[in-house]
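Chains as they are written, first to last, in the numbering used here: chain A, 491 to 810; chain B, 61 to 190. One structure is given below, encoded as structure tokens.
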């Protein structure tokens with residue numbers, strides 16, 4: 491194992507910096523697929539190399555060598571990996587595993603709870619096609635999709651009141667795009683990857699954005715007008731500021747939850763609106779190819795490091 | 061809708077939850093709206109009248125009950141909106157997970173004051189976007 495064992499971690503850091511620019515520049519569907527696949531590969535590769543480093547360090551322990559039938563002299567003469575580093579790597583890997591399992595558990599229980607409750611919501615179609623959308627009496631302005639099989643779309647009466655008929659159609663098209671395209675899988679996978687490798691959290695955030703953009707563009711295709719979708723989003727967001735959804739209401743009134751700040755520039759909604767008012771996103775081959783190449787390199791480095799370690803083990807075993 | 065839980069005097073949280081459920085059950089079982097006195101009669105068990113009043117007004121603040129003036133007191137009835145209740149319960153469960161934003165895909169997220177300003181400008185003049 492050589493210096494390339496660090497590549498997956500370095501490339502994860504690069505990916506963290508590139509995530510948002512990629513989500514802004516590539517078409518939403520492409521960006522979502524690219525970021526999600528990258529997150530999976532990078533999380534796997536970085537956990538993999540951490541494991542390899544830990545394993546390499548373990549091999550310097552005489553007890554382990556004896557148990558595996560390896561010659562410790564052969565190991566020491568070839569492997570430059572240090573024991574403290576290996577211990578650190580092992581600790582990080584354990585932390586990553588725990589975080590990932592915990593995240594998966596929390597997410598699953600939240601999903602199951604949401605699904606059980608949403609099954610009690612009556613199925614009502616707002617439009618003629620099967621919508622699985624439900625209207626709830628609530629002056630607060632809110633609309634969301636509960637993931638599941640089947641997904642449920644929930645819209646408050648306050649939201650409907652705030653929008654014109656064509657804007658309501660946009661809202662439903664957007665939510666149906668979420669429900670139909672399993673967008674939730676992308677965000678869930680990305681968050682899991684980010685739990686296993688915190689360097690990847692910007693990818694999870696970027697996917698949250700690109701998934702919304704994806705639904706926006708689908709709604710725009712259905713409505714035939716991108717500015718209309720932009721207006722609908724802006725109107726809904728402004729109405730929600732005046733009449734927030736239940737949780738936001740009580741939390742903000744109690745002062746527990748400050749309104750989001752723009753420390754990092756405009757939030758999701760203005761970016762979505764701006765993107766819809768601008769030209770449609772075009773597929774840019776160069777950034778896409780670069781990103782795929784980097785992620786492939788990360789994966790290959792991890793694979794290569796594993797092969798190196800395997801070869802060293804075999805060598806040590808044959809020398810014993 | 062303001063959540064009064066932290067401001068109600070004297071009732072420990074867990075006991076209050078059970079009492080609320082019991083009061084709601086009484087109201088759902090009865091065919092008509094009930095005053096606090098009537099609810100107290102049906103609940104029994106040595107509760108104080110003021111306790112019942114507190115519980116009912118808390119449930120009303122949560123949007124679970126509606127109320128009408130009935131003489132000098134109010135009478136309370138469960139909100140007829142089953143989907144609303146179910147949706148509220150669901151949001152309550154998800155809020156407890158503190159992960160609601162990532163489980164549900166909301167049409168619009170909360171706006172900062174600057175974002176609000178930006179959006180109003182955009183709505184007023186669509187060409188000024190970005």
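Note that beta-carbon positions come from the ideal geometry of N, C-alpha and C, so glycine has one too. Remember, it's a predicted structure, so these values are computed and weren't measured experimentally.
At least 3 beta-carbon pairs within less than 8 Å: the region 756-774 of chain A vs the region 514-524 of chain A: yes
8 Å contact criterion, which residue 661 (chain A) and residue 705 (chain A) should meet: CB distance rounded: To locate residue 661 (chain A), count along the first chain from 1; it is residue 171. To locate residue 705 (chain A), count along the first chain from 1; it is residue 215. Not a contact, Cβ separation roughly 10 Å.
Under 8 Å between C-beta atoms of residue 522 (chain A) and residue 701 (chain A): By one-based count along the first chain, residue 522 (chain A) stands at place 32. By one-based count along the first chain, residue 701 (chain A) stands at place 211. A contact, by the Cβ cut-off of 8 Å.
Beta-bridge pairing of residue 666 (chain A) - partner residues as DSSP gives them: Locating residue 666 (chain A) in the first chain gives position 176, where the first residue counts as 1. In the DSSP output, where bridge partners are listed per residue, residue 666 (chain A) has none listed.
Interfacial residues, the region 705-724 of chain A to chain B, with Cβ spacing under 8 Å: 705, 717, 720, 721, 723, 724
Test item: CB-CB of residue 710 (chain A) and residue 667 (chain A) under 8 Å: Here residue 710 (chain A) refers to the residue found at position 220 of the first chain. Here residue 667 (chain A) refers to the residue found at position 177 of the first chain. No, the pair does not count as a contact, with Cβ atoms beyond the cut-off.
Distance, residue 635 (chain A) Cα to residue 527 (chain A) Cα: Here residue 527 (chain A) corresponds to residue number 37 of the first chain, with the count starting at 1. Here residue 635 (chain A) corresponds to residue number 145 of the first chain, with the count starting at 1. Answer to the nearest angstrom: the Cα atoms are 24 Å apart.
Proximity to residue 504 (chain A) [Cα-Cα], best of A:679, A:689, A:809, A:653: Numbered from 1 along the first chain, position 14 holds the residue referred to as residue 504 (chain A). Residue 504 (chain A) has its Cα closest to that of A:689, out of A:679, A:689, A:809, A:653.
Selected residue, minimal CA-CA separation from residue 595 (chain A), among A:624, A:681, A:770: Residue mapping note: residue 595 (chain A) aligns to position 105 of the first chain, counting from 1. That would be A:681, whose Cα lies nearest to the Cα of residue 595 (chain A).
Bridge partner(s) assigned by DSSP for residue 130 (chain B): Walking along the second chain from the start, residue 130 (chain B) turns up at place 70. Bridge partners of residue 130 (chain B): B:133.
Span separating the alpha-carbon of residue 561 (chain A) from that of residue 551 (chain A): For this step, residue 561 (chain A) is matched to residue 71 along the first chain. For this step, residue 551 (chain A) is matched to residue 61 along the first chain. Using only the alpha carbons, I get a separation of about 11 Å.
Test: residue 117 (chain B) CB closer than 8 Å to a CB of chain A: Counting from one through the second chain, the residue named residue 117 (chain B) turns up at place 57. Chain A contact via Cβ: absent.
Own chain partners of residue 506 (chain A) with C-beta closer than 6 Å, once the 5 adjacent residues on each side are dropped: The residue given as residue 506 (chain A) occupies position 16 in the first chain. Excluding sequence neighbours, residue 506 (chain A) sits near 689, 692.
Close-in-space but distant-in-sequence residues of the same chain around residue 717 (chain A) (CB under 8 Å, 5 per side omitted): Residue 717 (chain A) sits at position 227 when you count from the first residue of the first chain. The residues are 766, 767.
Residue 643 (chain A) vs residue 657 (chain A) beta-carbon contact at 8 Å: Translated into the one-based positions of the first chain, residue 643 (chain A) becomes position 153. Translated into the one-based positions of the first chain, residue 657 (chain A) becomes position 167. Not closer than 8 Å, so no.
Contact set for residue 172 (chain B): own chain, Cβ-Cβ below 7 Å, skip 5 residues either direction: In the second chain, the residue the question calls residue 172 (chain B) occupies position 112. Excluding residues within five positions, none has a Cβ falling inside 7 Å.
Member of A:672, A:629, A:628 whose CA lies at the smallest distance from the CA of residue 638 (chain A): On the first chain, residue 638 (chain A) is found 148 positions in, with the first residue counted as 1. Of the candidates A:672, A:629, A:628, the one whose C-alpha sits nearest the C-alpha of residue 638 (chain A) is A:672.
Proximal residues of chain A, C-beta to C-beta of residue 180 (chain B) below 7 Å: Within the second chain, the letter at position 120 stands for residue 180 (chain B). The contacting residues are 728.
Residue 593 (chain A) versus residue 677 (chain A) - alpha carbon distance: Residue numbering aside, residue 593 (chain A) sits at position 103 when the first chain is read from its first letter. Residue numbering aside, residue 677 (chain A) sits at position 187 when the first chain is read from its first letter. Taking the straight line from one Cα to the other gives about 13 Å.
Beta-carbon neighbours of residue 78 (chain B), restricted to chain A and to distances below 7 Å: Here residue 78 (chain B) is taken as the residue at index 18 of the second chain, counted from 1. Simply none; closest approach about 21 Å.
For residue 645 (chain A), the first and last residue of its enclosing beta strand (DSSP E): What you label residue 645 (chain A) is simply residue 155 of the first chain in a count that begins at 1. Residues 642-646.
Contact with chain B by residue 699 (chain A), beta-carbon distance below 8 Å: Looking up residue 699 (chain A) in the first chain gives position 209. Answer no: the Cβ-Cβ gap between residue 699 (chain A) and chain B never drops below 8 Å.
Proximal residues, the region 80-95 of chain B versus chain A, C-beta separation under 9 Å: none
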